[in-house]
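Sequential numbering from 1222 applies to the sequence shown in my numbering. Structure record follows, encoded as structure tokens.
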Amino acid sequence: MYDQSKQLFEKSQRVIPGGVNSPVRAFRSVGGTPIFFREAKGAYMWDVDGNKYIDYIGSWGPAILGHAHPEVVAAVQERAARGMSFGAPTEAELELAERLVALLPSIEQVRLTSSGTEATMSAIRLARGFTGRTKILKFEGCYHGHGDALLVKAGSGALTFGHPSSAGVPADVVANTLVLAYNELDELEKAFAEIGDELACVIIEPIAGNMNFVMPSREYLNALRSLCTKHGAVLIFDEVMTGFRVGLHGAQGHYGIAPDLTTLGKVIGGGMPVGAFGGRRDIMAHLAPLGGVYQAGTLSGNPVAVAAGLKTLELVAKPGFFDSLAATTSKMVAGVKDAARAAGVPMSGASLGGMFGLYFSEKLPTNYAEVMAADRERFNIYFHGMLARGIYLAPSAFEAGFVSAMHDSSDVEATILAAREVFKSL
Ligand SMILES: *Cc1c(COP(=O)(O)O)cnc(C)c1O
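Next comes the structure, spelled out in structure tokens:
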């Protein structure tokens, strides 16, 4: 069934470390061979052995319109034919910046990068340059890309491998990074009382998508906002995953909270490499060439990538887009939960917009420790059972799932049916 994938994986391991270009693609935590894909269209992907899957990874978030959306493909083709990169300003970058500023009112100015990692690294440097402070605060289970200062008890990839942080990161570099439990108000208040005035910034996934899917309480995020304001720390919402994924105005729109800076990625590139960071004008003014905080990128604002992003944002902004996406997503989650309950398997789950989490635990987790307590063995059996039935889920119990606008009710039915069969074997 997976012969071609196995062969390609064998060969890949000779020339690519672990056979993959990003660790979460490896099947280390679930066992087996990563699937190599040949083609994707809409809600489906076909692997090199010809197996067809309903895709719930969506390239880890970007594929919100489904794969190879004809209008996005046309925009990319048209743009590529007129030059792939200029290393000079283009009108399309301005249009993308204007669209981001219009859709996320907390952003007054924005700069484009080529990945989410660059966006978070740059936002932190900017916060430090702006405040003149060194210390930063992050939360357990949140992932903000692979920048050195943030690989302290890092999220998904590192979680899966059981390493709390990365080798090769000097102790000095993370010595200024404080890590707190997510969604724990007492701890947060205590930390701010102690070092609030020394904090350059707090970076948080306002809805966590790298420890499966965890929504913090409104009370918690509101308290975080006021504490940052009171102590002069820059509040960074890392919406690389949640931006234009949980709703048209991101997690900040859902909670009604304006961060000082926002980082973006994934959906804003529509499947091409685009990241962004933006926010208050007085903070952004500290960036080179205006200010002293250096940040740059040869391919930043790449015209082909920006064309894919612009078309994607245009289509997700159509009236009713997120209502319909959210309905499909919650229908699937409810169906899978019902199937588990009928089989006597403890399962909890939640979703917002086109993002969801399902857990093999009775109660919905609210922080990292609770996420880690879910039944991993059961997840692995579930993962392989679903894969064999043509349902492609993230190969880790610690990843959120993604639904696209192309998933229809027959896809949802097929998914629930497959889950029902798999639950019988649990
Ligand atoms: C994916 C992700 C990143 C990193 O983005 P890359 O484009 O992979 O560098 C940062 N923060 C969050 C919340 C993410 O989900």
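Glycine included, every Cβ here is placed at the ideal spot set by N, Cα and C.
- Here Y1613 is bridged, per DSSP, to D1276.
- For I1328, the closest alpha carbon among the candidates G1464, G1622 and S1630 is that of G1464.
- Judged by the Cβ position, S1631 fails to qualify as a neighbour of ligand 1 at the 7 Å threshold, every heavy atom of the ligand being at least this far.
- Looking at the DSSP output, V1236 sits in no beta bridge, so it has no partner there.
- DSSP places F1577 in the strand class (E or B) of the three-state scheme.
- Per the C-alpha coordinates, the member of I1237, V1554 and G1490 positioned closest to S1572 is V1554.
- For the beta strand (DSSP E) assignment, the uninterrupted runs of no fewer than 3 residues enclosed by the region 1322–1356 are, from N- to C-terminal side, 1330–1334.
- The C-alpha of M1342 is placed about 34 Å away from the C-alpha of G1253.
- I1457 and Q1225 have their C-alpha atoms roughly 44 Å apart.
- Of all alpha-carbon atoms in N1601, A1526 and S1617, the one lying nearest the alpha-carbon of E1316 is that of A1526.
- Nearest to G1389 by C-alpha distance, out of E1410, M1607, E1634 and H1367, is H1367.
- Annotated three-state conformation of E1426 is coil, per DSSP.
- Here F1623 carries a strand assignment [DSSP, helix/strand/coil].
- Minimum Cα-Cα distance from A1472 among the listed residues G1304, A1261 and L1324 corresponds to L1324.
- Distances from the alpha-carbon of E1405 to those of M1436, A1639 and F1600 put M1436 closest.
- The criterion of a C-beta distance shorter than 8 Å is satisfied by R1332 and F1498.
- At least one heavy atom of ligand 1 sits closer than 7 Å to the Cβ of Y1364.
- Relative to ligand 1, the beta carbon of S1336 is positioned inside 7 Å of a heavy atom.
- In the DSSP annotation of this structure, the continuous segment of the alpha helix (DSSP H) that includes M1505 starts and ends at R1502 to M1505.
- Residue side-chain check: E1231 keeps its Cβ at 7 Å or more from all non-hydrogen atoms of ligand 1.
- Runs of the alpha helix (DSSP H) spanning 4 or more residues and lying entirely within the region 1539–1583 occur at 1542–1563, in chain order.
- T1341 has its CB nearer than 7 Å to a heavy atom of ligand 1.
- Per DSSP, R1259 lies in no alpha helix (DSSP H) segment; the continuous beta strand (DSSP E) that holds it begins and ends at F1258 to K1262.
- Judged by pairs of C-beta atoms under 8 Å, the region 1433–1447 does not touch the region 1294–1313, as fewer than three such pairs exist.
- Closer than 7 Å to some heavy atom of ligand 1: that describes the Cβ of N1431.
- One thing to note: M1462 has its Cβ within 8 Å of the Cβ of G1282.
- F1248 and T1450 have their C-alpha atoms roughly 43 Å apart.
- The distance from the Cβ of I1612 to that of Y1277 is about 7 Å, consistent with a contact at the 8 Å cut-off.
- Pairing A1429 with G1362 gives a Cβ-Cβ distance under 8 Å.
- Going by DSSP, F1307 is part of no beta strand (DSSP E) at all; its letter is neither H nor E.
- Of the residues assessed, N1433 falls on the buried side of the cut-off, its CB having 16 or more other CB atoms within 10 angstroms.
- Contact between the region 1511–1528 and the region 1342–1351 is established, with three or more Cβ pairs separated by less than 8 Å.
- For M1593, the CB stays at least 7 Å from every heavy atom of ligand 1.
- Restricting attention to D1596, G1474, G1575 and G1574, the CA atom closest to the CA of K1584 is found in D1596.
- Look at N1431 here: in three-state DSSP terms it is coil, with no helix or strand label.
- Rounded to the nearest whole angstrom, the CA to CA distance from A1289 to K1262 is 5 Å.
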